[in-house]
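Chemist: In our numbering, the protein residues as written are 27 to 180.
By construction, the Cβ of each residue, glycine as well, lies at the ideal position given by its N, Cα and C atoms.
For clarity, every value in this text was computed on a predicted model and none was experimentally measured.
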């Protein structure tokens, strides 16, 4: 008798799906923040880099920056995918990174002098979402999703 399981195995706890959704939102917010900062919010990153390094230098720097962002986002998604698949090490990595993002963001509040205020919120959103994604991963219902050997080692 199949009670809520698929051919791929038991159903993931809802908390894991919430953590995954929050992680996807954090990644999307990170990319959106980069795009807005480079091309939309005045003074744009493109404008500032062009002023200091010329048009060619600015484009090179932004291509490098976008490439680094793409690699980091891909790594973030791979680790989150491993967490979603039940790998305890990935949950640990996301916990450490989420906590670090939150600590860095809290230490940065009020020091940015960011204007307009909404831009400060947009910049903080990925960090806050990444930290929020940690919480459901550690709720009691989610713990069963990770191998017993990880619980015994703790």
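Can you tell which of 87, 128 and 143 has the C-alpha that lies nearest to the C-alpha of residue 159?
Modeler: Counting from 1 along the chain shown, the entry for residue 159 is found at position 133. When each option's Cα is compared against that of residue 159, the closest is 128.
Chemist: CB-CB under 6 Å to residue 48, same chain, minus the five flanking residues each way: which ones, in chain order?
Modeler: Locating residue 48 in the chain shown gives position 22, where the first residue counts as 1. Closer than 6 Å at Cβ, skipping near neighbours: 155, 158 and 159.
Chemist: Among residues of its own chain, excluding the 5 on either side of residue 165, which ones have a beta-carbon nearer than 6 Å to its beta-carbon?
Modeler: The residue labelled residue 165 in the question sits at position 139 within the chain shown. Closer than 6 Å at the Cβ level, and outside the excluded window around residue 165, lie 41.
Chemist: Quick check on DSSP: helix, strand or coil for residue 146?
Modeler: Indexing the chain shown from 1 puts residue 146 at position 120. Helix, per DSSP.
Chemist: Do the region 115 to 127 and the region 55 to 64 touch if we need at least three Cβ pairs shorter than 8 Å?
Modeler: no
Chemist: Go to residue 104, then tell me how far its alpha helix (DSSP H) extends in each direction, as first and last residue.
Modeler: Here residue 104 is taken as the residue at index 78 of the chain shown, counted from 1. Run containing residue 104: 71 to 110, per the alpha helix (DSSP H) assignment.
Chemist: Could you spell out the range, first to last residue, of the alpha helix (DSSP H) harbouring residue 168?
Modeler: Indexing the chain shown from 1 puts residue 168 at position 142. Taken as a continuous stretch (DSSP letters only), the alpha helix (DSSP H) holding residue 168 covers 166 to 169.
Chemist: Here's the rule: buried if 16 or more other CB atoms are within 10 angstroms of the residue's CB, otherwise exposed. What is residue 46?
Modeler: Numbered from 1 along the chain shown, position 20 holds the residue referred to as residue 46. Buried.
Chemist: Can you round the beta-carbon distance between residue 67 and residue 145 to whole angstroms, since I take them to be within the 8 Å contact cut?
Modeler: In the chain shown, counting from the first residue as 1, residue 67 sits at position 41. In the chain shown, counting from the first residue as 1, residue 145 sits at position 119. Indeed they touch by this definition, with Cβ atoms about 6 Å apart.
Chemist: Looking only at its chain, what residues have a beta carbon closer than 6 Å to the beta carbon of residue 95, apart from the 5 residues adjacent to it on each side?
Modeler: Within the chain shown, numbered from 1, the residue matching residue 95 stands at position 69. Closer than 6 Å at the Cβ level, and outside the excluded window around residue 95, lie 60.
Chemist: Can you name, in chain order, every residue of its own chain whose Cβ lies under 7 Å from the Cβ of residue 103, other than the five neighbours on each side?
Modeler: Numbered from its first residue, the chain shown carries residue 103 at position 77. 53, listed in sequence order.
Chemist: Taking the alpha-carbon positions, what's the residue 169 to residue 73 distance?
Modeler: Residue numbering aside, residue 169 sits at position 143 when the chain shown is read from its first letter. Residue numbering aside, residue 73 sits at position 47 when the chain shown is read from its first letter. The alpha-carbon atoms of residue 169 and residue 73 are separated by roughly 48 Å.
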